[in-house]
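Below is one structure, written out as structure tokens; comments come after it.
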Amino acid sequence: MSPRRGSDLAVDIVISNYNYGSFLIDAVESACRQTYPNVNVVVVDDGSTDDSRERLRDYEDRVEIVSKENGGQASALNAGLARCHGDLVMFLDADDVLRPWAAGRVAEEFSTDPNLARVQFRMAFVDATGHPTGQTEPSEHQRAPTGDLRHAELAFPFDLPWIAGGGTAFRTEPLRTIFPIPERDYPRCGADWYVVHLMALLGEAGYVDEVCADYRLHGRNGYARQDQQLDLQQVRHSIAYSAPTKAALARLADQVGLERPERILSMSDLANRLISLRLEPQTHPIRDDNVFGLLADSVRAARRRFDVSWPMKVVFVGWFVAVAVSPRPLVRRLGELLWFPTARRGWINRLLGRLRRESVGRAPARSA
10 MSPRRGSDLA VDIVISNYNY GSFLIDAVES ACRQTYPNVN VVVVDDGSTD DSRERLRDYE
70 DRVEIVSKEN GGQASALNAG LARCHGDLVM FLDADDVLRP WAAGRVAEEF STDPNLARVQ
130 FRMAFVDATG HPTGQTEPSE HQRAPTGDLR HAELAFPFDL PWIAGGGTAF RTEPLRTIFP
190 IPERDYPRCG ADWYVVHLMA LLGEAGYVDE VCADYRLHGR NGYARQDQQL DLQQVRHSIA
250 YSAPTKAALA RLADQVGLER PERILSMSDL ANRLISLRLE PQTHPIRDDN VFGLLADSVR
310 AARRRFDVSW PMKVVFVGWF VAVAVSPRPL VRRLGELLWF PTARRGWINR LLGRLRRESV
370 GRAPARSA
């Protein structure tokens, strides 16, 4: 099958909203102002109790509005995809904003290769008023991996640089094969974990190395923090999202006939669990976890990381050992150094970047 031109690909932009009325119109306007001509906008209001629905009345003739009872992010995305008829889908949280060229850039990328199932792009962090913080996701020393990532996704999911759903576009046909998202597993948030990671098993990944959206930091984010302080509640949210995602990856791999490890391990998930266990063991959510077991699994997980050099693997395991034996105040600081690149000195980030290998997939990233 020959690739289609970018302008031939219809793009659906699904905006999910729950009580983000103060930000919602910025998101809707950003979707409506796309310079790409073949765009359809769907707004799903997930039972908001603020003024969101009143604000949407001015857009009834420009976008499709779906009003439903509150059911959480997974429920909203399920309702949104049911209204999509195009070739590509972009999911946008109501507190984020697309740059005008976003749909065109991803359509162009998809048009170059019919094997692409998802295309990620860089997001810039802005504050509640829309002013840039100077940070991006992925961070400056990282690039989202491209190509065939099936082996990497099953060997070490969540460890590859990945971007929340607002920074990823999907090809609709394979996306429908993993929908509906199981709402019981993601009752409030975390549905983008399911979508982004499972799609890695259904096609190749592309990347536009250009900022195509703004991720707004306002204190109520479910994915990123405005400050550089470790939030144990957010750490435990990640633990909660990773467990059903690993199980879903295993089921999908078996369904499509992919070889996988008996146990799917992720260093980032193990790190979150060790931080949680060390900081507040009495409320840690996984009863069977213990420090020695997590250390042993960290070594197993490090050995699987074919995307990094052996010195980097030693750094990883060294971090786990340090967290295992350090007093609690230092555990918190070690967690912040792990999860917040800007908390580290610039030369450390540059060194860590060199210790990574160039690519884990087959195809190189292409700059827009």
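In terms of my numbering, the sequence shown opens at residue 10 and continues consecutively.
Note that CB positions come from ideal geometry on N, CA and C, so glycine has one too.
{"Check": "Limits of the alpha helix (DSSP H) - the one that Ser-275 falls within", "Outcome": "Ser-275 -> no alpha helix (DSSP H), and no H or E assigned at all."}
{"Check": "Nonlocal neighbours in the same chain, by C-beta distance under 7 angstroms from Val-20, ignoring five residues either side", "Outcome": "Tyr-45, Asn-47, Val-48, Gly-95, Leu-97, Met-99, Ala-112, Ala-116"}
{"Check": "Segment contact flag, the segment 25–33 with the segment 52–62, C-beta cutoff 8 angstroms, min 3 pairs", "Outcome": "yes"}
{"Check": "Cβ-based neighbour list, Arg-337, same chain, cut-off 7 angstroms, excluding 5 preceding and 5 following", "Outcome": "Arg-287, Leu-288"}
{"Check": "Three-state secondary structure (DSSP) of Thr-142", "Outcome": "strand"}
{"Check": "CB contact flag (Leu-169, Leu-258, <8 angstroms)", "Outcome": "no"}
{"Check": "Cut-off 7 angstroms between Cβ atoms - residues of its own chain near Phe-167, not counting five sequence neighbours on either side", "Outcome": "Ser-251, Ser-275, Ser-277, Asp-278"}
{"Check": "Gln-129 burial status per 10 Å Cβ neighbour count (16 or more: buried)", "Outcome": "buried"}
{"Check": "Opening and closing residue of the beta strand (DSSP E) in which Leu-258 lies", "Outcome": "From DSSP, Leu-258 is part of no beta strand (DSSP E) but of the alpha helix (DSSP H) over 241–265."}
{"Check": "When Leu-346, Val-317, Phe-315, Ala-280 are compared against Phe-299, the one with the closest alpha-carbon", "Outcome": "Here residue 299 is Asn; the residue named in the question, Phe, does not match the sequence. Among Leu-346, Val-317, Phe-315, Ala-280, the Cα nearest to that of Asn-299 belongs to Ala-280."}
{"Check": "Leu-346 versus Ala-311: straight-line alpha-carbon distance, rounded", "Outcome": "18 angstroms"}
{"Check": "Residues that DSSP places opposite Asn-79 in a beta bridge", "Outcome": "Asn-79 is not bridged to any residue."}
{"Check": "Buried or exposed by the 16-neighbour rule on C-beta atoms within 10 Å, applied to Phe-325", "Outcome": "buried"}
{"Check": "CA nearest to the CA of Trp-171, picked from Leu-283, Pro-191, Pro-183, Met-132", "Outcome": "Met-132"}
{"Check": "Inter-residue spacing [alpha-carbon to alpha-carbon] between His-140 and Arg-309", "Outcome": "42 angstroms"}
{"Check": "For Ile-22, three-class secondary structure by DSSP", "Outcome": "strand"}
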